[in-house]
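In the numbering used here, the protein residues as written are 33 to 159. Have a look at the structure below, then the notes.
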């Protein structure tokens, strides 16, 4: 993947990139929207205004306002803190039981073989 430019602010990161074998540059936008309704509306307006500069190849990904901690939450029951799952360093272990269902290997191979026409995001979605 080649990166042409990165633009960031306090709630989003805009990355113009091109994947291997692609001609067109695409924008990948990662957002973390505010819990404050008025501020969130301003953030959406910013994204709406910016999309004109992204062209036809762009995708917005996460975070549709997940909360980082209970301090951000207003009302309701407390939610558990799952950051330990993200921050804890744990080695990935492949489980051979994942290969036991009949036909799983063929299904995975079939899903990743062959060409799919379209954008990189469509290719991932189709697989």
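Cβ atoms here follow ideal geometry from the backbone N, Cα and C, with glycine treated the same way.
What do you get for residue i, buried or exposed, if any count of 16 or more other CB atoms within 10 angstroms of its CB means buried?
i           : result
residue 37  : exposed
residue 152 : buried
residue 59  : buried
residue 115 : Only weak support exists for where residue 115 lies, its pLDDT of 48 falling under 50; the coordinates are left without a value.
residue 48  : buried
What does the alpha-carbon distance come out to for the pair residue i and residue j?
i           : j           : result
residue 52  : residue 34  : 8 Å
residue 77  : residue 134 : 49 Å
residue 140 : residue 130 : 11 Å
residue 80  : residue 50  : 22 Å
residue 43  : residue 55  : 29 Å
residue 45  : residue 89  : 16 Å
residue 117 : residue 93  : For residue 117, the predicted structure reports a pLDDT of 49, less than 50, and the residue's modelled location is therefore unreliable. A value from the coordinates is still provided. Straight-line Cα distance between these residues: approximately 20 Å.
residue 137 : residue 87  : 39 Å
Could you tell me the boundaries of the alpha helix (DSSP H) in which residue i lies?
i           : result
residue 79  : 69-86
residue 144 : 136-144
Worksheet item: Is the stretch 121-137 close to the stretch 58-76, with three or more CB pairs under 8 Å?
Response: Contact between the stretch 121-137 and the stretch 58-76 is absent: fewer than 3 CB-CB pairs across the two stretches fall below 8 Å.
Fill in: beta strand (DSSP E) runs wholly inside the stretch 41-67, at least 3 long, in chain order
You should have 44-50, 58-63.
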